[in-house]
Amino acid sequence: MLRSVPFLILMVALIPFTRMIVGTSYGVWAAVVPLTIAATPFFARIAEVSLREVDHGLVEAAQAMGCERRHIICNVLLPEARPGIVGGFTITLVTMINSSAMAGAIGAGGLGDLAYRYGYQRFDTQVMLTVIIVLVLLVTLIQFGGDRLARLLNKRLSESALPAWEGWRFAEGDRNQRRRDSASFPRRTDLYLSSSGHPATPDWSAIP
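In the UniProt record's numbering, the protein residues as written are 1 to 208.
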């Protein structure tokens, strides 16, 4: 719901609440309150989606082994959802840069205030272009760093899950090999009984 409200309108609507919390409706601290209120539900929604995408089979396996809820959260849910949470945090930071650029309207300063007062109001195109380039570079750097960290965490998660998969595959292959050996091995009656039913000399040539 808060995402559908423009941040500038949200700041104005929260002025009474901001004044009650920080004692002022002007300045840097006055911009912190609406920024926090706008960012918290946005990031919480992304984190919820990341946690919901965790394979339920892993959770059920941990429950079957008798793990407590806190162990499941710390050792299963959070490690599996970590790449998605990092990606969501990156998107939240980029969104906050966009919102903080408008925080200059209430005297919070920053690049947005610089572009508005010294660029837009004074018709200084050079200042406006400089601020825009800095904002684009900052957003690109944060996005690149967040994506790289998410890929690194995802790679480590895949490598940590590989030994368990290899162990299961080795055990399954060994089990299948034993089944093939038992199927190709001569039956006991073929080795020790003749056609008449009396004991006979085993035919060792039948053994592979």
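Every residue gets a Cβ at the ideal spot worked out from N, C-alpha and C, and that includes glycine.
Being a predicted model, the structure only gives us computed values, none of them experimental.
Problem set entry | Beta carbon of Pro34 nearer than 7 Å to that of Met20 | If you number the sequence shown from 1, residue 34 lands on position 34. If you number the sequence shown from 1, residue 20 lands on position 20. No. Outside cutoff.
Exercise. Helix, strand or coil for Met96 per DSSP?
Worked result: In the sequence shown, the residue the question calls residue 96 occupies position 96. Correct three-state label for Met96: helix.
Exercise. Got a sec? Which residues, its chain only, sit under 8 Å from Leu58 by beta carbon, not counting five neighbours each side?
Worked result: Working through the sequence shown from its first residue, we reach residue 58 at position 58. Excluding residues within five positions, the ones whose Cβ falls inside 8 Å are Val76, Glu80.
For this session: Reducing DSSP to helix, strand and coil, say where Pro186 ends up.
Result: On the sequence shown, position 186 is the one that residue 186 refers to. Residue placement at Pro186 is poorly supported in this model, since its pLDDT is 46, which falls under 50; the coordinates still yield a value, given next. Three-state DSSP puts Pro186 in coil, outside helix and strand.
Exercise. Can the beta-carbon of Ile91 be found less than 7 Å from the beta-carbon of Val139?
Worked result: As a working note, residue 91 is residue 91 in the sequence shown. As a working note, residue 139 is residue 139 in the sequence shown. Contact flag unset, no.
Exercise. When the Cα atoms are used, what is the spatial distance from residue 220 to Gln143?
Worked result: Any property of residue 220 remains undetermined from this structure, which presents the chain solely from 1 to 208.
Problem set entry | Spatially closest choice to Cys74 from Pro6, Leu51, Phe89, Ala13, by CA coordinates | For the purposes of this step, residue 74 is taken as the residue at position 74 of the sequence shown. Checking every option, the nearest Cα to that of Cys74 belongs to Leu51.
Problem set entry | Straight-line Cα distance separating Thr18 from Thr24 | Locating residue 24 in the sequence shown gives position 24, counting from the first residue. Locating residue 18 in the sequence shown gives position 18, counting from the first residue. The alpha-carbon atoms of Thr24 and Thr18 are separated by roughly 7 Å.
Exercise. Which of the three DSSP states, helix, strand or coil, is assigned to Tyr26?
Worked result: Along the sequence shown, read from residue 1 onward, the residue named residue 26 stands at position 26. Three-state DSSP puts Tyr26 in coil, outside helix and strand.
Exercise. So, are the CB atoms of Val28 and Ala108 less than 7 Å apart?
Worked result: What you label residue 28 is simply residue 28 of the sequence shown in a count that begins at 1. What you label residue 108 is simply residue 108 of the sequence shown in a count that begins at 1. Yes, these two residues count as a Cβ contact at 7 Å.
Exercise. Tell me which same chain residues have a C-beta within less than 7 Å of the C-beta of Val131, skipping the five on either side of it?
Worked result: Along the sequence shown, one-based indexing puts residue 131 at 131. Leu111, Leu114, Ala115, Gly119, listed in sequence order.
Problem set entry | Residues near Gln63 by beta carbon distance below 8 Å, same chain, minus five either side | Here residue 63 refers to the residue found at position 63 when the sequence shown is read from its first residue. Answer for Gln63: Ile72, listed in chain order.
Exercise. DSSP state of Cys67, grouped into three classes?
Worked result: Taking the first residue of the sequence shown as position 1, residue 67 is located at position 67. Per DSSP, reduced to three states, the secondary structure at Cys67 is coil, with no helix or strand assignment.
Exercise. What is the DSSP secondary structure of Gln143, reduced to helix, strand or coil?
Worked result: Within the sequence shown, residue 143 is the residue found at index 143, counting from 1. Correct three-state label for Gln143: helix.
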